[in-house]
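So for the sequence shown, this note's numbering puts the first residue at 596; every next one is plus one. We put the beta carbon where it would ideally sit given N, CA and C, even for glycine. Down below is the structure, laid out as structure tokens.
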Amino acid sequence: FIHITKTAGTSVAKSLFNYLPYHYTAIDYRVIYGKQLFNRYYKFAFVRNPWDRLYSAFRYLKSGGWNDDDKKWAQSNLSEFSDFNDFVDNWLNRENIKKHLHFKPQYQFICDSHEQILIDYLAYFETINDDFKKIAEHLGIDASIGHHNANPAVSYKKIYNEKSRAIVADIYAMDIELFGYEFDGIKERK
596 FIHITKTAGT SVAKSLFNYL PYHYTAIDYR VIYGKQLFNR YYKFAFVRNP WDRLYSAFRY
656 LKSGGWNDDD KKWAQSNLSE FSDFNDFVDN WLNRENIKKH LHFKPQYQFI CDSHEQILID
716 YLAYFETIND DFKKIAEHLG IDASIGHHNA NPAVSYKKIY NEKSRAIVAD IYAMDIELFG
776 YEFDGIKERK
């Protein structure tokens, strides 16, 4: 399981394995297990609409995140912004997204250096129940998805302005293209 931040990974991991894996990338796992063993394993990850994921990450960190390190980082980096659009308009760029794991593009978790997807099953946050069921069946695990670590439901679609929407489309263009997203949802499952 490749645990991409803010894609329901905590819920998936706790429901399937009853523990939380670190946010290792597919490349990390290939190094840890060796290429031959890595290729034999069933590998999967959940992805999420980049506009939705970014808004979720911002809210999560602004509310304190997972631990004191997240809280300190948010206080140092996010407190100056009046709202989410101010953050996107004045902070979000290709350099800054490297400063915290929650802003790292999703493709960097599951692709090699040639942008080739290294996993066997690409699951979607937007169809989590159906995808989780397929994964559990494949693994031979009798499990249902729980709901852990959730932000209160606020639709990202109501938050973005045109400028911030365009900035995210540019910064996360590879995620949008590789996973078949558009602002309003999944355009084409990959």
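The shortest CA-to-CA distance from I692 to any of D707, C706, D678 and L673 is the one to L673. The beta carbon of G659 is closer than 8 Å to those of D665, K666 and A669 in its chain, skipping five residues each way along the sequence. Per DSSP, reduced to three states, the secondary structure at A738 is coil, with no helix or strand assignment.
For F641, the uninterrupted beta strand (DSSP E) segment begins and ends at F639 to V642. A764: member of the alpha helix (DSSP H) spanning E757 to I766, first to last residue. With at least 16 other beta carbons inside 10 angstroms of its own, K601 counts as buried. At the C-beta level, I762 and A640 stay beyond 8 Å of one another. Straight-line spacing of the CA atoms in R760 and L696 works out to 21 Å. The straight-line gap separating the alpha-carbon atoms of P700 and E721 is approximately 18 Å. Using a 10 angstroms sphere on the CB of D707, the tally of other CB atoms stays under 16, which defines it as exposed. DSSP, reduced to helix, strand and coil, places G775 outside both helices and strands of the structure shown, so it counts as coil.
Under the DSSP assignment, L717 falls in the beta strand (DSSP E) whose first and last residues are Y716 to Y719. The C-beta distance from F679 to I754 rounds to 6 Å, short enough to meet the 8 Å contact threshold. In chain order, F639 place their CB closer than 6 Å to the CB of Y716, counting only its own chain and leaving out the 5 sequence neighbours on each side. Here V749 is exposed, its C-beta having fewer than 16 other C-beta atoms within 10 Å. The residues F676, in chain order, have a CB closer than 8 Å to that of N685 in the same chain once the five nearest residues on each side in sequence are set aside. Residue pairing from DSSP places I781 in a beta bridge opposite Y776.
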